[in-house]
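Student:
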Amino acid sequence: MTAPGCTLTATLRARPERREELLALLSTFIDKSRSEPGCLEYQLQVSKDDPLVFMFYENWVERADLDRHMALPYQQDWFKRQPELLAQPAEMKFFDMVSDYDR
13 MTAPGCTLTA TLRARPERRE ELLALLSTFI DKSRSEPGCL EYQLQVSKDD PLVFMFYENW
73 VERADLDRHM ALPYQQDWFK RQPELLAQPA EMKFFDMVSD YDR
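Numbered according to this note's numbering, the sequence shown spans residues 13 to 115.
This is the structure:
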């Protein structure tokens with residue numbers, strides 16, 4: 013079992029009038045991302061407290077795999093569309109796993 017060398021959380025706040033469009037777009041990323049080399053885990057979640065807030069939780073073998081993912085055309089298109097779909101800039105945080113990875 014390969015332990016993640018890079019974990020990313022990305023918190024996104026939708027513009028209220030664009031929530032459904034954003035959710036539809038984000039949902040198209042799941043299968044694509046999970047099939048990419050180095051992707052160990054790729055989860056999209058929505059806040060129980062605020063339906064406008066989404067979070068990606070991603071584990072990658074190494075940072076280079078995540079960088080390759082973010083450079084793909086569909087991701088670059090997404091980065092360009094963020095100002096029209098998000099109420100504020102995405103909050104991206106990178107982590108190193110401290111606990112054992114038991115997946």
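The beta-carbon is built from N, C-alpha and C at its ideal position, and this holds for glycine as well.
Taking just the CA atoms, how far does Ala36 sit from Ser45?
Tutor: Distance between the alpha carbons of Ser45 and Ala36: 15 Å.
Student: Could you tell me which residues DSSP puts in a beta bridge with Ala26?
Tutor: The partner list for Ala26 (beta bridge, DSSP) reads Leu98.
Student: Pick out whichever of Ala76, Leu97, Tyr86, Phe91 has its Cα sitting closest to the Cα of Arg18.
Tutor: Inspection of the sequence shows that residue 18 is occupied by Cys rather than by Arg. Of the candidates Ala76, Leu97, Tyr86, Phe91, the one whose C-alpha sits nearest the C-alpha of Cys18 is Ala76.
Student: Can Leu64 and Arg25 be called in contact, C-beta distance under 7 Å?
Tutor: Going by C-beta atoms, Leu64 is nearer than 7 Å to Arg25.
Student: Would you call the stretch 88-105 and the stretch 56-63 touching, i.e. three or more CB-CB distances under 8 Å?
Tutor: No, they do not touch.
Student: What residues match up with Glu70 in a beta bridge as DSSP calls it?
Tutor: DSSP lists Leu20, Tyr54 as partners of Glu70.
Student: Using the Cα positions of Glu96 and Arg31, report the straight-line distance between them to the nearest angstrom.
Tutor: When rounded, the distance between both Cα atoms is 11 Å.
Student: Taking its Cβ as the centre, do 16 or more other Cβ atoms sit within 10 Å of Pro16, making it buried, or is it exposed?
Tutor: When all chains shown are included, Pro16 counts as buried.
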